[in-house]
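In this note's numbering, the protein residues as written are 1 to 186.
Backbone N, C-alpha and C fix where the C-beta goes; we use that ideal spot for every residue, glycine too.
Quick notes on the structure that follows.
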């Protein structure tokens, strides 16, 4: 899959979350990724690697080439392994702020990727999106899984929301949220 080839998700994945997540402040909604979003997505990806790249003694050009290569590899991987996933741009107060990629499976909802620009981190946007996703998962009685880097600052948010590590895979935790873990006993 090239950078400009974006396959539309299946109807089931496309309607997993509502388009309008929060109509209040901040106004938060999702819109499907389009080919015109590739530059934004590449820039967003670069912000997710900024701390790592700050530690290497590379020229700016080498860092850009690395980011471009890694972004393309990730984009291709997601397209090949999650062809029916919903791929959305997170929009906050009318401004593109991040991305949310979800894959609805028969036995789970896979949170493929959630990323926000640094200026939108720590402001509750990720929590709003995740709580909405968990409500959908609860309604459908499906667990939610995600791979999270062990040093990801959002790890604490996932834990607060009830995600538990189920497997360590290199630098990642496979984490899972289960609706059954949140049932109240009568």
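Residue 169 has 172 as its beta-bridge partners, per DSSP. Taking C-beta separations shorter than 6 Å and ignoring five residues to either side along the sequence, the partners of residue 163 in its chain run 175 and 177, following chain order.
Rounded to the nearest angstrom, the Cβ distance from residue 129 to residue 114 is 7 Å, consistent with a contact under 8 Å. Taking one beta carbon from each stretch, the stretch 88-97 and the stretch 26-44 have 3 or more pairs nearer than 8 Å; the two touch. Around the beta-carbon of residue 51, fewer than 16 other beta-carbon atoms lie within 10 Å, marking it exposed. Note on residue 180: under 16 other CB atoms within 10 angstroms of its CB, so exposed under the neighbour-count rule.
Setting aside the 5 residues that flank it on each side, residue 120 is surrounded in the same chain by 92, 97 and 98, each with a C-beta closer than 7 Å to its C-beta; the list follows chain order. Judged by beta-carbon spacing, residue 47 lies within the 7 Å limit of residue 118, meaning their Cβ atoms are closer than that value. Within the stretch 31-76, no beta strand (DSSP E) run of at least 3 residues lies entirely inside it. According to the DSSP assignment, residue 137 belongs to the alpha helix (DSSP H) that extends over 125-140.
For residue 87, the enclosing beta strand (DSSP E) begins and ends at 86-92.
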